[in-house]
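Here the structure is laid out as structure tokens; the discussion comes afterwards.
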Amino acid sequence: MDKKAFVKYAAKREKRSPSIKNCILAFVSGGLVCVTGQALADIYILWGLSEKNASTLSSVSLVFLAGLFTGIGIFDKAAKLCGAGLLVPITGFSNAVTSPAIDAKSEGYIMGVGAEMFKIAGPVVVYGNLTAAVYGIIYYISLCIAG
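Here it is, written out as structure tokens:
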């Protein structure tokens with residue numbers, strides 16, 4: 730069997746992904762993450778925090794909860810069902826840091842957890858900061874030109 734015939738054969742046999750269902754689940758689960766974050770922010774405001782501090786604490790709470798749920802095995806099961814709805818928001822970043830750290834715990838805290846923790850999330854941090862710096866420079870130059 731040549732390569733073209735194999736590719737054709739494999740294409741016929743591969744399982745189709747239910748795209749519409751996946752999109753709906755991602756939309757709903759991502760919306761639930763946002764609603765949860767807003768509910769936490771509203772609760773923190775009721776407790777007397779400023780809106781800015783409540784929003785920050787809400788994000789921190791979502792990161793903590795995602796890390797906790799990753800640690801006890803709930804997040805991975807939910808992410809298989811919900812897909813991008815859980816993985817794209819800040820909860821996915823928390824999972825990307827926590828999961829390798831848990832896997833590397835047996836190798837020790839320095840060479841295991843410390844070295845492996847940002848293996849997946851590290852490029853996001855690096856390129857996110859790089860992009861922010863470039864955008865900041867462009868914005869500053871545009872302000873100088875505008876007068």
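Residue numbering for the sequence shown follows our numbering, beginning at 730 and increasing consecutively.
Using N, Cα and C, we set each Cβ at its ideal position, and we do this for glycine too.
- Bounds of any alpha helix (DSSP H) do not take in I849, whose DSSP letter is neither H nor E.
- The C-alpha of L791 is placed about 10 Å away from the C-alpha of F822.
- Here the stretch 855-866 does not lie against the stretch 794-805, with fewer than 3 beta-carbon pairs under 8 Å apart.
- DSSP assignment within the stretch 749-787 yields no whole beta strand (DSSP E) run of 3 residues or more.
- Inter-residue distance for C811 and I803 is about 12 Å (C-alpha atoms, whole angstroms).
- A contact between stretches requires three or more CB pairs, one per stretch, nearer than 8 Å, and the stretch 828-846 fails this requirement with the stretch 856-872.
- Under the three-state reduction of DSSP, G837 is assigned to coil, being neither helix nor strand.
- In the displayed model, P818 falls within coil according to three-state DSSP, outside both helix and strand.
- A direct Cα-to-Cα measurement between G814 and G876 gives close to 43 Å.
- Here the alpha carbon of G759 sits roughly 23 Å from the alpha carbon of G851.
- The residue among K741, G841 and S788 with its C-alpha nearest the C-alpha of V764 is S788.
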